[in-house]
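Report on one structure; see the data block that follows.
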Amino acid sequence: MNVMSKITLYNLRRNKKRTVVTVIGVILSAAMITAVATLCESFVNTMLTESQQRYGYWEAELKEGEYGRAESLEERSDLEEVLYKRSVGFSPLRDGQNEYKPYLYVEECTPQALARYPYRILEGRLPENDQELLISNHLISDGGVAWKVGDTVTLPLGQRERSGERLTNEDGFYKDYPEVWTQEQERTYTIVGIMARPGSENIMSPGYTAVSYLDMGTVQEQDMMNVGLIFKNPTRTLFSTCDELKQDLGFLKLTTNDDVLRYMGLNSRDGFYSVLYGMATILFALIIIGSISLIYNAFAISVSERSKQFGMLKSVGATQKQVLRTVLFEGLVISGIGVPLGILAGIAGIAVTLHLLAPFMSSILKYVDAIHLHVSVQAVVLAAVLGIATVLISAVIPARRAARMSAIEAIRQVKDVSIKGKQVQTSRLSRRIFGMEGVLALKNLKRSRKKYRTTIFSLFISIVLFIGVSTFTEYMKSSTQVVYSVDNYKLSLHLSSSKETEQVRNMSEKLGEIQGIDRWSLVRNMYVFAEIPKASISTKYLQNSGPLEGENPDFLQISIPVVSVGDAEFERFAGELGLDPLEYEDLQNPKAILLNEQLLFPENETPGLYEFLATLPSSPVTLQEDGIEGESTSAEASITIGTKTETAPTGVSSQRIAMVVSDIIFDAYLQKQFPSEESTGSRLYINTVEENPASVIPSVQDLINQYLPVGRADELYNRYEVDQSNRNLLIMISVFSYGFIALITLISVANIFNTISTNMNLRRREFAMLRSVGMTPKSFNRMIYFESLFYGLKALLYGLPAALLLSVLMAMSIASGITGIGVLIPWAHVGICIAGVLLIVFVTMMYSMAKIKKENIMDGLRVEAL
1 MNVMSKITLY NLRRNKKRTV VTVIGVILSA AMITAVATLC ESFVNTMLTE SQQRYGYWEA
61 ELKEGEYGRA ESLEERSDLE EVLYKRSVGF SPLRDGQNEY KPYLYVEECT PQALARYPYR
121 ILEGRLPEND QELLISNHLI SDGGVAWKVG DTVTLPLGQR ERSGERLTNE DGFYKDYPEV
181 WTQEQERTYT IVGIMARPGS ENIMSPGYTA VSYLDMGTVQ EQDMMNVGLI FKNPTRTLFS
241 TCDELKQDLG FLKLTTNDDV LRYMGLNSRD GFYSVLYGMA TILFALIIIG SISLIYNAFA
301 ISVSERSKQF GMLKSVGATQ KQVLRTVLFE GLVISGIGVP LGILAGIAGI AVTLHLLAPF
361 MSSILKYVDA IHLHVSVQAV VLAAVLGIAT VLISAVIPAR RAARMSAIEA IRQVKDVSIK
421 GKQVQTSRLS RRIFGMEGVL ALKNLKRSRK KYRTTIFSLF ISIVLFIGVS TFTEYMKSST
481 QVVYSVDNYK LSLHLSSSKE TEQVRNMSEK LGEIQGIDRW SLVRNMYVFA EIPKASISTK
541 YLQNSGPLEG ENPDFLQISI PVVSVGDAEF ERFAGELGLD PLEYEDLQNP KAILLNEQLL
601 FPENETPGLY EFLATLPSSP VTLQEDGIEG ESTSAEASIT IGTKTETAPT GVSSQRIAMV
661 VSDIIFDAYL QKQFPSEEST GSRLYINTVE ENPASVIPSV QDLINQYLPV GRADELYNRY
721 EVDQSNRNLL IMISVFSYGF IALITLISVA NIFNTISTNM NLRRREFAML RSVGMTPKSF
781 NRMIYFESLF YGLKALLYGL PAALLLSVLM AMSIASGITG IGVLIPWAHV GICIAGVLLI
841 VFVTMMYSMA KIKKENIMDG LRVEAL
């Protein structure tokens, strides 16, 4: 170690307080960089696992090709595994309850495919021979087929065709487009397991998936196969490679596992990584900016203190390079201590945070229980490089300044004391308001602009980030409340057929006997075209909705849902509006209650709820079949709008216009007038007295099991759980957000402490001179108070407008997607911020002055450092 390095280490030991504060700043910086990088890696790794559990481990799948041509895939060096699946066929379900899923779809898989495709066992085991069968719980819950593990079933199996074209399980079942099922074979299976509905079975699939074992010894070269591919080292060339394989081997289709590829970073058509890395880059930038302001200030003060020392070294032969290397060596020493400790602290901090947040994450993630810590070499290297770079960037400017000074300039400290008189002039008004002590405080701010600018900037960053993150969290809470404010129910169940609707209608009376249920509704919708007189429609709605024009220029023709909610709920709803329900059951004079608000997103207006009708039409409204827009239809009906309201019955949104009618009007009048207009489906909605419906769920499920097929109770939708999941997500975001802002604030506080305390120490001669000419302790304290006040006020003067502007920009951004949210100013957090800034500055200055006040005046006057 040379002499210059020894001198550097000596100075670090001599100025322990500044060295410790600087090292703490580096630790915080490296910890935050590590935390952000590790969190991103952990999130991506967890989402990859979640997607693999849901959709399978395969990366691409070649569909409908001959096995004889696919065999060559096993010889490719770039493939890790080749997974074979063979379609056995469709078997019609005799007792199936879902008319749009009338089949059982059986496929066979090799052991490798069974392990790599998303067959998640709920009960039993995987099939081990071609006489065993794994069925889906969806077959039981949705299809109403009461099979269980151990049952033996004999299935007629065949193929579906439509217009001479063979259909797969991806081709939906449509009543309007007849298809033909042809039996090819019959097989007997023993059910050995029940699995969760696989991700490969989409909502339009006409067959419930069942899986058997594929014995490769029975496969012939001409057999049609689906082949899953897992690559050894997948890259983005995977897509072009698979396209070539599809063409070369004669497969009809190619499917890629886009969700898995997204989290592997290979799906170039997806913007996930762009968003993730973009956010991470912004966070890195904020961390580095905040850190540089601290570390640069520490080095600048160090160089300023040692300028006389550098001059003396230069006078005895030290070169510019040696001085430059001395300052950079100081940076490397601090990095060597701070960066490793910061990386360990960042990893430990994220590990503890993820562990504490695990209970909240379990309701958000479906296939994994939490975001598990995943530390990659790349993340650690990135944190180390950015941490060291932050220190060196902070050190290089003071280092160059030190190297360029001549020996005489450094010894005389000309650069440190060079200032013109006009630069520190203050107005007479300042003296009248603040007194002599205030004037001295102002002059010191003007005299030391460079030193204080960094402190003001640190406070500015803290203010903007603190209020910005607080505002963001408040917007998250408000947007969640707005999005879910239309959900006036706790439980719901989709009914897939008119038969189920009738069964639920029969059981609805018994719902009232369950303690804890407040009200319920059986909601059915029918969409029709309504001709509404323009004279009755509100001006704002006409200006902003752009509805469909009718043939008559005095009317507007719009598509509108007609809703029935069940007799009990309609009676309650009408009673709440002060109406007689019997008036709305007269078939000779059918009436409807109009829900009169519509959520609109106009181009030149603020998105929001707009009143539809200003006045009620004087005559009945004409309704027509909701066919192709603009085409006239033969079937018509008329209905009188009896009243309009902004409230909605249970299970109906209050943010769209709709006509609510009684069941008798819906069944005996409208469905007869529009026989071709089927209800778009029905749903049972239940609202409970308690916020959490857990206490009534078992009773509701027992009742559903009595009236509906086995397994339908398992599909009861619990909106409270969904809300809870969103609340947990909000808690997670809040924890990470406030954790981030807390660490940034710590860096800023360390910067403020380092800057102010060091500057106070360097001003010991100045303070001693003021005391020597008669400044009393009271006046001295007043000067420090004013200086603290000016620090804080100047930072708040810049920080608060910037933070409030950020709040407005957030509001504008969120308003483009979610209505009902205005500009939110977190006044409580603004107050905390103002008090916190002033307190931090005041406490730091008082701490720094505590020792100086005790110092003898003569000792202070002997201090050479300025």
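Quick note on numbering: the UniProt record's numbering labels position 657 of the sequence shown as 657, and the sequence is numbered without any gaps. All C-beta atoms in this analysis are idealised placements derived from N, C-alpha and C, irrespective of residue type, glycine included.
Selection from the options that minimises the alpha carbon distance to residue i
| i | options | result |
| --- | --- | --- |
| Met849 | Phe753, Asn137 and Phe529 | Phe753 |
| Ser662 | Gly774, Gly158 and Ile641 | Ile641 |
| Met783 | Met845, Trp827 and Val227 | Met845 |
| Glu498 | Arg519, Val523, Glu509 and Leu511 | With the sequence shown as reference, residue 498 is identified as Ser, and Glu is not the correct amino acid for it. Comparing Cα-Cα distances from Ser498 to each of Arg519, Val523, Glu509 and Leu511, the minimum goes to Val523. |
| Met405 | Gly311, Leu332, Leu459 and Ile456 | Gly311 |
| Gln588 | Gln557, Pro561, Glu571 and Ile664 | Ile664 |
| Ala358 | Thr776, Ala196, Phe239 and Met732 | Met732 |
| Gly217 | Pro206, Ile27, Asp243 and Asp130 | Asp130 |
| residue 870 | Ser87, Met225, Glu107 and Ala768 | It is not possible to answer for residue 870, since the shown part of the chain is limited to 1 through 866. |
| Ile697 | Leu708, Ala713, Gln706 and Val333 | Ala713 |
| Ser91 | Asn169, Ser772 and Gly836 | Asn169 |
| Glu99 | Tyr55, Ser163 and Asp176 | Asp176 |
| Leu73 | Thr241, Gly575, Phe612 and Ile741 | Thr241 |
Per DSSP, cross-strand counterpart(s) of residue i
| i | result |
| --- | --- |
| Thr622 | Glu531 and Ser638 |
| Lys63 | Lys253 |
| Leu595 | Thr645 and Ala658 |
| Glu107 | Ser87 and Val211 |
| Ser492 | Tyr685 and Tyr717 |
| Ser737 | Answer is none; Ser737 lacks a bridge partner. |
| Ser521 | Tyr685 |
| Gly217 | None; Gly217 has no bridge partner. |
| Gly608 | Leu600 |
| Arg166 | Glu161 |
| Val82 | Leu229 |
Neighbourhood of residue i by C-beta distance below 8 Å, restricted to the same chain and skipping five residues each side
| i | result |
| --- | --- |
| Thr46 | Leu365, Val368, Ala370, Ile371, His372 and His374 |
| Arg400 | Leu324 |
| Thr622 | Ala530, Glu531, Glu636, Ala637 and Ser638 |
| Ile289 | Ile461 |
| Leu214 | Tyr84, Lys85, Arg86, Glu108, Cys109, Thr110, Ala113 and Asp130 |
Boundaries of the alpha helix (DSSP H) in which residue i is found, first to last residue
| i | result |
| --- | --- |
| Val339 | Gln320 to Met361 |
| Met47 | Lys16 to Tyr55 |
| Ser545 | Thr539 to Ser545 |
| Phe570 | Asp567 to Glu576 |
| Pro698 | Ile697 to Tyr707 |
| Glu161 | No alpha helix (DSSP H) holds Glu161; the beta strand (DSSP E) holding it covers Thr152 to Arg162. |
| Val260 | Asp258 to Tyr263 |
Cβ-based neighbour list, residue i, same chain, cut-off 6 Å, excluding 5 preceding and 5 following
| i | result |
| --- | --- |
| Phe842 | Ser788 |
| Tyr57 | Arg116 |
| Tyr296 | Ser394 |
| Phe573 | Pro649 |
| Ser695 | Gly516 |
| Gly799 | Phe460, Ile463 and Val464 |
Residue span of the beta strand (DSSP E) that contains residue i, given as start and end
| i | result |
| --- | --- |
| Gln557 | Phe555 to Ser564 |
| Ser406 | Here Ser406 belongs to no beta strand (DSSP E), and DSSP marks it neither H nor E. |
| Arg187 | Val180 to Met195 |
| Ile121 | Ile121 to Gly124 |
| Glu502 | Looking at the DSSP string, Glu502 is not in any beta strand (DSSP E); the run it does join, the alpha helix (DSSP H), is Ser498 to Leu511. |
| Leu73 | From DSSP, Leu73 is part of no beta strand (DSSP E); its letter is neither H nor E. |
| Ser136 | Glu132 to Ser136 |
| Met204 | Careful: Met204 lies outside any beta strand (DSSP E) and carries neither H nor E. |
| Asn226 | Met224 to Phe231 |
Contacts around residue i, its chain only, beta-carbon distance under 7 Å, and the 5 residues preceding and following it disregarded
| i | result |
| --- | --- |
| Lys246 | Leu62 and Leu254 |
| Arg197 | Ser136, Asn137 and His138 |
Q. Okay, do the region 184-200 and the region 143-163 touch, 3+ Cβ pairs below 8 Å being the bar?
A. As far as the Cβ criterion goes, the region 184-200 touches the region 143-163, which means the pair count is three or higher.
Q: Determine contact between the region 169-182 and the region 71-82, defined as no fewer than three beta-carbon pairs at a distance below 8 Å.
A: Counting Cβ pairs under 8 Å, fewer than three are found: no touch.
Q: Please determine if the region 252-261 and the region 59-67 are in contact, where contact requires at least 3 C-beta pairs separated by less than 8 Å.
A: A contact exists between the region 252-261 and the region 59-67.
Q. If we count Cβ pairs, one from each stretch, closer than 8 Å, do we get three or more for the region 229-244 versus the region 33-48?
A. Output reads no: the region 33-48 does not touch the region 229-244.
Q.
Three Cβ pairs or more, each shorter than 8 Å: is that satisfied between the region 712-727 and the region 538-546?
A. No contact exists between the region 712-727 and the region 538-546.
Q) Are three or more beta carbon pairs between the region 2-18 and the region 329-346 nearer than 8 Å? A) The answer is yes - the region 329-346 touches the region 2-18, with three or more Cβ pairs under 8 Å.
**Q.** the region 343-350 / the region 32-40 touching (three or more Cβ pairs under 8 Å)
**A.** When C-beta atoms of the region 343-350 are compared with those of the region 32-40, three or more pairs fall below 8 Å, so the two segments count as touching.
**Q.** At least 3 beta-carbon pairs within less than 8 Å: the region 18-29 vs the region 742-749
**A.** Taking 8 Å as the limit for Cβ pairs, the verdict is that the region 742-749 does touch the region 18-29.
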